[in-house]
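Chemist: Have a look at the structure that comes next, please.
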Amino acid sequence: MLPLSETVTPADRNELADRVRRAAEQGQPVYPLGGGTNLAYGAAPSEPGLGLSLAGLERLVDYPARDLTITVEAGMTLATLAEHLAAEGQQLPVDVPYPDRATVGGAVATGAGGPRQYRWGTLRDYVIGLSAVDGCGTLFSAGGRVVKNAAGYDLCRLLTGSLGSLAVIVQVTLMVKPRPQCSALAACPIPDWDTAEHLLAGLVRTQTLPSAIELLAGPAWRDAPSLGPLPAGAVAWLAVGFEGTDAEVRWMLARLRAEWGETGATVAATLLDRQADPLWKALTEFRQPGPERIADGSCAAEIRVLPGHVVETVRRVLKIDGIASILAHAGNGVVLAHIPAAAVAGLRSAFRASGGSLVVASAPAGTTRDVATVWGPPPGGWTVMQALKCRFDPKGILNRGRFLVADGCR
Amino acid sequence: MIATATIPLLRELRRRLGAENVLGAPSELVVYECDGFTIEKNRPDAVVFPRSTEQVSEVVKLCARYGASIVPRGAGTSLAGGCLPVGGGVVVMLTRMKRILTIDLRNRMAVVEAGVPNLELSRALAGSGFHFAPDPSSQTASTIGGNVATNAGGPHTLKYGVTLNHVLGLEAVLADGSVLQIGPVPDPAGLDLLGVLVGSEGTLAIVTKVWVRLTPNPEDYRTLRAIFTSVDDATNAISDIIAAGILPAAMELMDQGIIAAVEEAYRFGFPLDAKAIAVIEVDGPAAGLDEQERRVETICRRWNAREVLRAADPRQRELLWKCRKMAVGAVGRLSPSYCIQDGVVPRTRLPHILRRIAEIGAKHRVRIVNVAHAGDGNVHPILLFDERDRDEVARVLEAGREVLAECIASGGSVTAEHGIGVEKLDFMSRLFAPADLKAMRRLREAFDPAGRLNPGKLLPSECGASAQT
Amino acid sequence: MSDLKNPGEGIDFGLFLDCVHCGLCTSACPTYTELGDENDGPRGRVYLMRQVAEGRLGLDARIRKHLDLCLDCRACETACPSGVHYGRLIEPFRLAVEEAEHQRSVVKRYDWFRQLVLFRLFPYANRIRLAMTPVRWLQRLGIYGWMERLGLFKLVPGRLGHMVTLVGPLVDQGPKLPKFLPAKGRRRARVAFFVGCVAEAMFRHTHWATLRVLQENGCDVLIPEGQGCCGAIHFHAGSSDGARKLADANVAAFDLAEIDAVIVNHGGCGAMLKEYGLHWHDDLQPARRRFAEKVKDINEFLDQLGLVPPSGRIEATATYHDACHLGHAQKVREAPRRLLAQIPGLALRELPETEICCGSAGTYNLNQPAMAQRLMRRKLENILKTGAQIVLASNAGCLLQIGREVRQRRAPLVVLHPMDLLDMSYRDAKPAIASTPARR
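What follows is the structure in structure tokens.
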């Protein structure tokens, strides 16, 4: 998917920095490569350039488990990270699709965040330190190894989600959490959209602590893993995830049933631990569907609105495309929709007007993927972002054409 | 004396904002020469009280035209000199922008102007079932704008995170006077400017409006106080609780010295012979609390806790938290002056750093008492002195420096929540390599190329020297 | 007596050093909360006073303005973790300023209003009563009510006009107080009652209520002759000598040996009496200190004694406003609430921002009417939020200030002293509450 003229795999960060420095001298574009699981995100670059693989940087640097922090090189996969953490009864509570291939650096660069962001936040909330190489080939570090740090600017935040446009991330220090004893998903079929909003509004005041609040609609969920077919007459599933000790999860499930019972909604399925895994996986992967899972000419759009506008948003999407598949992280106002690429522009202007936004999270090869189509009109603070790009990557070699462009740098 | 150059600026400010919103006389400027940090002082050239974002923008544009620097200020409770008008300039007070604009429970969000005191929002939320989670000890006075500028923490940071984790959106005036709105709906099409602005100490923009996340009140609490006969036992217990995978809402430490001060001020009934008290709060669904409480107590007992007591009722809990939050101010009862430090170390290094603090105090003959957001590894050693004793002042400054150096050596940082301000400028180059600082400098230049927003703070000047005592 | 160069130079410097400049007091200060300027907050004022005392700053009109705007409500003392005695800074400082200006004859020592109204009129109950005669006549003729509603008192010049509007409607104040009243039932204590000036002139009915409550609680009550004004008005207006003379007259009037306590029922007077021992350093200081130690606020006293529960039901919703000089200066907060909670049928609701001054603050409402009005409006809004039918305060100034606002806004509220209500419960009388409660 990337126009790579060659690919190198530096063995360490210094070699990597050297490589970037040389590319900068020649004005050669550099495309950092992690696991390649999210290449369909962002604009498609056209200029050939250097593929910079992080596969050589996959070491565990430091894991003081009792501090609940871990430092790893950026090329480590999320599965390997999870293994290290699991050995100490810990986890990174951020869902990243295809963890066998996806790398820590790639996840940080794309600012990953899945269904469990309702309780746990996104990866942005876990990066407490990092090292990176800027567009001049200079290695720098930010943050540290403590969970609370107010020294200087938070460059970790700046780089998380920057899509490799400011620097190549080579090492990351993460805050981690104890692994919950138990997890569960409870799902309820939704008869109509007004009921959906009613239940979602009710969940704002629930006494339980949901980890995820998910709304599932459309053909992709026709036979949702472990849930089975959606009962006739229902428009969607509402699934709520819980984590905690056995006692806590049991109590929360009972409590949810009671709260829903008052409104007439019934829990049709309760999935515990392993049983829930396939559904968790599907919820996580929906944003980055493989080509086999998305209709021809469709893309995955990520729409952001206020949580109170989720149901309205879902209805609007369905009005434009009645057979769209939709997953909403409803508690956070994230609506993911598999829709025809042609519908993007129309939907986008509709959400912009109400303070929302739409980006194309995943577009298959063959569709138009220029900066304007993928990202839409420039967001607030665009001039500052451009100024940042000019200062961190004055030659504009990093991920050229994918996100920020270094046009007009002095 | 008023610098002649500021006279036309003052005239212009008065014309735009109204005379009642501009101070220019030396006798009225003097109280703005410092904040909660009093070691350095400098009088501003003017103080203005804008009442709207448009007025803030006008002030910024005027200052740009006259080349004046700008120092945003809320309640002025910074302990690092964040509001010190280094080299004069115009202090922009946000205290007349203090409306709570919206409380929107469906979206778990409130919209407030920057000058709203932190606690006022929580008061306005009373009975709603929600609260604003960041609870810095200054929360009765400090403003939400100020909390955003310093990314303020507090005891409940341990479970609920710092201010950044509770900010959904910002309206801010940039160095050129333009107004930027980020959020409240996150836009993935761009860099995380919100994350960068929070904690930037007023050096990148002036925050005028904040969309904050509201947190549901936990169903129930258990607030425990464990009484220890040695500081070492207490810190080891705290370290073990974290390592055991228990996540209390807050885990605080007070040593014997601070207990004495707090007891004098608030008469809680703490045992004065205790060497350390850990205040540990667990919260959440009631179903899980007995279990958490039992595990916490077991670990405390394993580390020889003499007693583990539960707050009897909400009133006692409230008083307990008041004692903890007012502890620093209460130290004023122990000595005429004090200097509070804000170091942070990896949590397992907590026993080590407190031992070292005691040694450093002994070595320099400085009395040091301690409070700590211990669960986060965040220590607040308080060094006591009499400002009239010059020799003692010198020893205190030296001991303070040594404590922070020890934090760095232990893999930590020199500030967890107070910020760098002017106080810790010298430490930036010890904490960060030149390339790291350069990256930060680039960030600042991207926002404020002329360097007029809160100059002389957060980053040491390029040559490494700073305007320090 | 002063040959000191700077006003305030004589103040114990340690009191300034108590302030560690943390700023936690600011949000507790009514004027800072209203204005947002640190010059109008406690930390700023302490800083200004220190600058002047140290001679780093000359006392100019601007600084005076900020210091004059201080209510001396001492809410900052409650908020201060470091234990700054703010009252002991601002009060002597104000005295020093007055003295310095008198010596330099920069301004007239006191303007006519202070001279005549504050010093000649206020300390004397009989003169106050005499001065109120015209107003009382207007009331008897039924004209006062509509003059107030039409705002005609605004035509009365300045501060005098404000004073006139403070005078409440006619109530039966009861006869002159006797010298002695015996305990009912078994005698539990023997106390002496402090009468005061404004309180005696305008709240004699509350005095009677207080005395009856004391009797009900088994107290012999002496009302010594020769006592007078507590001196707070003089002291806070900058006349230390005048205040001292009144204090010494009071100290002489009470025979401490034969009583368990000196009872005072208004917070402002009580705070002054309790601080007699602090203000003047001369031969009589020990005697003043002994006197001060015996002074007890009525709420505090009854709470400690253990209230004989009243039995008359009062089916009403009430809220209690903490008078600054009772709450902040004397730290008496829980006692009145505990007493009121024992009235059968009474529902007590917490008042939001109860700790913020109502703007009365002694004679502040006469000297700084604009700020006083802002604070009063804020107070009434908060009172209305509670939905209470009765608002209670244990201080004359607050009762007058809140009472006027209630009348002018025609709020459906009855303004009472806690002793008024307790007394009603003992007598099985009912307050004249509006049938529809105030809006919530």
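Chains as they are written, first to last, in the working numbering: chain A, 627 to 1036; chain B, 167 to 635; chain C, 54 to 493. Cβ coordinates follow ideal geometry from the N, Cα and C atoms, glycine included. From a predicted model like this one, the values you see are computed outputs, not experimental measurements.
1. How would you label isoleucine 952 (chain A), buried or exposed, when you count the other beta carbons within 10 angstroms and need 16 or more for buried?
2. Any idea which residues DSSP pairs aspartate 350 (chain C) with across the strands?
3. Quick one: is proline 238 (chain B) buried, meaning 16 or more other Cβ sit within 10 Å of its Cβ, or exposed?
4. In or out: serine 983 (chain A) buried (at least 16 other Cβ within 10 Å) or exposed?
5. May I ask you to report which of helix, strand or coil DSSP gives aspartate 922 (chain A)?
6. Which residues in chain C have a C-beta closer than 7 Å to the C-beta of methionine 259 (chain B)? List them in chain order.
7. Would you give the residue range spanned by the alpha helix (DSSP H) that lysine 1015 (chain A) belongs to?
8. Taking Cβ positions, are glycine 320 (chain C) and alanine 376 (chain C) nearer each other than 8 Å?
9. How far does the beta strand (DSSP E) with serine 757 (chain A) in it reach, from first residue to last?
10. With a threshold of 8 Å between beta carbons, is glutamine 507 (chain B) in contact with chain A?
11. Relative to the alpha-carbon of glycine 412 (chain C), which residue among C:Arg427, C:Leu404, C:Pro405, C:Arg402 has its alpha-carbon at the smallest distance?
12. Tell me whether isoleucine 949 (chain A) is buried or exposed, calling it buried when 16 or more other Cβ atoms sit within 10 Å of its Cβ.
13. Compile a chain-ordered list of the residues in the region 263–285 of chain B whose CB is closer than 7 Å to at least one CB of chain A.
14. From threonine 999 (chain A) to glutamine 914 (chain A), what does the alpha carbon distance come to, in whole angstroms?
15. Determine which residues share a DSSP beta bridge with threonine 697 (chain A) and list them.
16. Near alanine 963 (chain A), which residues of its chain fall below 6 Å by C-beta distance, leaving aside the five closest residues on each side in sequence?
17. So, with DSSP's three-state summary, where would you put arginine 942 (chain A)?
18. Give the interface partners of leucine 784 (chain A) over in chain B, defined as CB-CB distance under 8 Å, in chain order.
19. From asparagine 420 (chain C) to aspartate 121 (chain C), what does the alpha carbon distance come to, in whole angstroms?
20. Residues of chain A with CB closer than 8 Å to the CB of threonine 323 (chain B), please, in chain order.
21. Just verifying my parser: in three-state terms, what is the DSSP assignment at threonine 381 (chain B)?
22. Does any C-beta atom of chain B lie closer than 8 Å to the C-beta of phenylalanine 766 (chain A)?
23. For tryptophan 1001 (chain A), which residues from the same chain have a beta carbon less than 7 Å from its beta carbon, with the 5 sequence-adjacent residues on both sides left out?
24. Taking Cβ positions, are glutamate 385 (chain B) and glutamine 833 (chain A) nearer each other than 8 Å?
25. May I ask you to list the residues that DSSP assigns as paired with serine 595 (chain B)?
26. Using beta carbons (cut-off 8 Å, strictly below), is glycine 423 (chain B) in contact with chain C?
27. Please classify valine 159 (chain C) as buried or exposed, where buried requires at least 16 other C-beta atoms within 10 Å of its C-beta.
28. Just to confirm, is the Cβ distance from threonine 268 (chain B) to valine 282 (chain B) under 8 Å?
29. Serine 579 (chain B) bridges to which residues according to DSSP?
30. Identify, in the order they occur along the chain, each residue of the same chain with its Cβ nearer than 6 Å to the Cβ of aspartate 449 (chain B), setting aside the five sequence neighbours on each side.
31. Tell me where the alpha helix (DSSP H) around phenylalanine 551 (chain B) begins and ends.
32. If you run the structure through DSSP and keep just helix, strand and coil, what is alanine 487 (chain C)?
33. Taking buried to mean at least 16 other C-beta atoms within 10 Å of its own C-beta, is glycine 890 (chain A) buried or exposed?
34. Comparing the C-beta of proline 115 (chain C) with each C-beta of chain B, is any distance below 8 Å?
35. Proline 933 (chain A) versus chain B: which residues are under 8 Å apart at the beta carbon?
36. With 8 Å set as the bound, which would you pick, yes or no: does the beta-carbon of cysteine 498 (chain C) sit closer than that to a beta-carbon of chain B?
Modeler: In brief:
1. buried
2. C:Val317
3. buried
4. Buried is the call here.
5. coil
6. Gly89
7. Residues 1008–1018.
8. yes
9. 753–760
10. no
11. Of C:Arg427, C:Leu404, C:Pro405, C:Arg402, the smallest CA-CA separation from glycine 412 (chain C) is found for C:Arg427.
12. exposed
13. Leu271, Arg272, Asn273, Arg274
14. C-alpha separation (whole angstroms): 17 Å.
15. A:Asp688, A:Thr799
16. Setting aside the 5 residues that flank it on each side, alanine 963 (chain A) is surrounded in the same chain by Ala927, Val943, Ala950, Ile952, each with a C-beta closer than 6 Å to its C-beta; the list follows chain order.
17. Helix.
18. Under the 8 Å cutoff, chain B gives Leu357, Asp358, Gly361, Val362, Leu609.
19. So the alpha carbons of these two residues sit roughly 9 Å apart.
20. Those within 8 Å of threonine 323 (chain B) in chain A are Lys774.
21. strand
22. yes
23. Hits under 7 Å: Val985.
24. yes
25. Serine 595 (chain B) is not bridged to any residue.
26. no
27. At valine 159 (chain C), the pLDDT of 49 sits below 50, so the modelled position is not reliable and the matter cannot be decided from this model.
28. no
29. Residue pairing for serine 579 (chain B): DSSP places it in a beta bridge opposite B:Val510.
30. Pro384, Tyr387, Ala415
31. Taken as a continuous stretch (DSSP letters only), phenylalanine 551 (chain B) belongs to no alpha helix (DSSP H), being part of the beta strand (DSSP E) at 544–551.
32. Alanine 487 (chain C) sits in coil when the DSSP states are folded into three classes, being neither helix nor strand.
33. Counting Cβ neighbours within 10 Å, glycine 890 (chain A) comes out exposed, since fewer than 16 surround it.
34. According to the sequence displayed, residue 115 (chain C) carries arginine and not proline. Closer than 8 Å: yes.
35. Arg272, Asn273, Arg274
36. Coverage of chain C is limited to positions 54 through 493, which leaves residue 498 (chain C) absent and any answer about it impossible.
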